[in-house]
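Okay, structure first, notes after.
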């Protein structure tokens, strides 16, 4: 094949996994294997070393970047690691567009492990640094694979600076880690609202509790005549909410029955017109005075004579 038509390298290949050529060690890193004809074309161009390439999947428009390890592939083929094919959404035999690329050196990289188990290993940054020595470049949006102790840890590339694709060959850059994808924030215990609810219930009960107003009946004189002075009701403090349930229940039931029967209820202004009202003392209970229906008549008793 003649590649001398253009000044940059550009060609389409069919991809194959490295497992097809029994080279499992190539699973580590981002380097591909290209045919020897590609080397002839690259040698004739002013290509910077290390050689870097832009990979594109025409079907999904997925883009990534990689390096080259050797030129021993069959003509028209390139070999890629399994994780690279997964990252590019490629299947065996799919078409890949390969172009030469020039990338800036990385100054900052932000990574996000898929599993929190990666952060549980001893010195994960040292493990990552060792694994990245097999890489030539990183692209924002890619998912790379880092092997350790027969485990495969997948890591997302969240951010790269100064550009979205950077070279990491012979460069010092700052590496930052985001929380793993499976990380969950510890649940915080909810504050106890039992005291607040209790206080709110007591406050609400206090609002609804009836006021006790003694001596709201009609005033009468001892001689049977109507009094010209009206009794002024004196309000008492609100019934305490801490009274026993039984006492409250009996009072409420009694009040209810009295209201329905039309009898006088303490604190009820609607029954002021009634003639009779029981007197209640806050300390002692006094017997009710007898009802006087007739007018008072003095000296109406029997007469007696003194015997000699």
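In UniProt numbering, the protein residues as written are 1 to 308.
Heads up, the beta-carbon is just placed ideally off N, CA and C, and yes, glycines get one too.
Local Cβ density within 10 Å of residue 276, reported as buried at 16 or more and exposed below that: By 1-based counting over the chain shown, the position of residue 276 is 276. Bear in mind that a pLDDT of 49 at residue 276, under 50, signals an unreliable position, so the number given afterwards is only what the model happens to contain. That one is exposed.
Residue(s) in a DSSP beta bridge with residue 53: As a working note, residue 53 is residue 53 in the chain shown. Answer by DSSP bridge pairing, in chain order: 66 and 100.
With 16 other Cβ atoms within 10 Å as the buried cut-off, status of residue 44: Mapped onto the chain shown, residue 44 falls at position 44. By the neighbour-count rule (16 or more Cβ atoms within 10 Å), residue 44 is not buried but exposed.
Contact under 8 Å by Cβ, residue 54 with residue 99: To locate residue 54, count along the chain shown from 1; it is residue 54. To locate residue 99, count along the chain shown from 1; it is residue 99. In this structure, residue 54 lies near residue 99, with their beta-carbon atoms less than 8 Å apart.
CB contact flag (residue 166, residue 50, <8 Å): Against the chain shown, residue 166 aligns to sequence position 166. Against the chain shown, residue 50 aligns to sequence position 50. Taking 8 Å as the Cβ cut-off, residue 166 and residue 50 do not qualify as a contacting pair.
Residue 139, enclosing beta strand (DSSP E) - first and last residue: Residue 139 sits at position 139 when you count from the first residue of the chain shown. Where residue 139 is concerned, the enclosing beta strand (DSSP E) stretches over 137-139.
Alpha-carbon to alpha-carbon, residue 120 and residue 70: Taking the chain shown and counting its residues from 1, one reaches residue 70 at position 70. Taking the chain shown and counting its residues from 1, one reaches residue 120 at position 120. CA-CA distance, residue 70 to residue 120, rounds to 35 Å.
Cβ contact check for the region 21-29 and the region 100-116: 3 or more pairs under 8 Å: Contact check between the region 21-29 and the region 100-116: fewer than three CB pairs, one atom from each, fall below 8 Å, which does not count as touching.
For residue 38, the nearest candidate out of 57, 19, 10 and 114 (CA to CA): What you label residue 38 is simply residue 38 of the chain shown in a count that begins at 1. For the set 57, 19, 10 and 114, the Cα lying nearest the Cα of residue 38 is the one of 10.
Whole-angstrom distance between residue 75 and residue 113, CA atom to CA atom: As a first step, residue 113 must be located in the chain shown, where it is residue number 113. As a first step, residue 75 must be located in the chain shown, where it is residue number 75. Approximately 37 Å, taken between the alpha carbons.
Residues of its chain near residue 163, where Cβ-Cβ distance is below 8 Å and the 5 sequence neighbours each way are ignored: Against the chain shown, residue 163 aligns to sequence position 163. Result list for residue 163: 103 and 104, in chain order.
Whole-number beta carbon distance between residue 106 and residue 138, since they are thought to touch under 8 Å: What you label residue 138 is simply residue 138 of the chain shown in a count that begins at 1. What you label residue 106 is simply residue 106 of the chain shown in a count that begins at 1. The pair is a contact, with the Cβ atoms about 7 Å apart (cut-off 8 Å).
Distance CB(residue 80)-CB(residue 17) smaller than 8 Å: Looking up residue 80 in the chain shown gives position 80. Looking up residue 17 in the chain shown gives position 17. The answer is yes: Cβ separation under 8 Å.
Length at least 3, wholly inside the region 14-38: the beta strand (DSSP E) runs in chain order: With a minimum length of 3 residues, the continuous beta strand (DSSP E) runs that stay inside the region 14-38 are 31-35.
Cβ pair residue 155, residue 111 closer than 8 Å: Here the question's residue 155 lines up with position 155 in the chain shown. Here the question's residue 111 lines up with position 111 in the chain shown. Contact: yes.
Residue 172, DSSP secondary structure in three states: Residue 172 sits at position 172 when you count from the first residue of the chain shown. Shown here, residue 172 sits in coil according to DSSP, grouped into three states, outside any helix or strand.
Residue 64 classed as buried or exposed, judged by whether at least 16 other C-beta atoms fall within 10 angstroms: The residue given as residue 64 occupies position 64 in the chain shown. Classification for residue 64: buried.
Alpha carbon of residue 179 to alpha carbon of residue 149, nearest angstrom: On the chain shown, residue 179 is found 179 positions in, with the first residue counted as 1. On the chain shown, residue 149 is found 149 positions in, with the first residue counted as 1. Across the structure, residue 179 and residue 149 are spaced so that their CA atoms are roughly 22 Å apart.
Residue range of the unbroken alpha helix (DSSP H) whose run includes residue 124: Stepping through the chain shown from its first residue, residue 124 is reached at position 124. 124-132 is the extent of the alpha helix (DSSP H) around residue 124.
Residue 150, enclosing beta strand (DSSP E) - first and last residue: Locating residue 150 in the chain shown gives position 150, counting from the first residue. From DSSP, residue 150 is part of no beta strand (DSSP E); its letter is neither H nor E.
Classification of residue 160 by the beta-carbon crowding that lies within 10 angstroms, buried from 16 upward: In the chain shown, residue 160 corresponds to position 160, counting from 1. Per the 10 Å Cβ criterion, buried.
Same chain only: Cβ atoms within 6 Å of residue 131, ignoring 5 sequence neighbours per side: As a working note, residue 131 is residue 131 in the chain shown. Taken in chain order, the residues that qualify are 146.
Reduced DSSP category for residue 11 - H, G, I as helix; E, B as strand; rest coil: Here the question's residue 11 lines up with position 11 in the chain shown. The three-state reading of DSSP puts residue 11 in strand, counting E and B together.
Where the beta strand (DSSP E) through residue 80 begins and ends: Residue numbering aside, residue 80 sits at position 80 when the chain shown is read from its first letter. Secondary structure note for residue 80: its beta strand (DSSP E) is the uninterrupted segment 77-80.
Bridge-paired residues (DSSP) for residue 156: Along the chain shown, one-based indexing puts residue 156 at 156. Bridge partners of residue 156: 112 and 143.
Where residue 165 falls: helix, strand or coil (DSSP): By 1-based counting over the chain shown, the position of residue 165 is 165. Residue 165 falls in the strand class under three-state DSSP.
Buried or exposed by the 16-neighbour rule on C-beta atoms within 10 Å, applied to residue 8: On the chain shown, residue 8 is found 8 positions in, with the first residue counted as 1. Exposed, since its Cβ has fewer than 16 Cβ neighbours within 10 Å.
For residue 73, the residue or residues it bridges with in DSSP: Indexing the chain shown from 1 puts residue 73 at position 73. Note: residue 73 is bridge-paired with 35 in the DSSP secondary-structure output.
8 Å contact criterion, which residue 60 and residue 33 should meet: CB distance rounded: To locate residue 60, count along the chain shown from 1; it is residue 60. To locate residue 33, count along the chain shown from 1; it is residue 33. Not confirmed; about 22 Å, so no contact.
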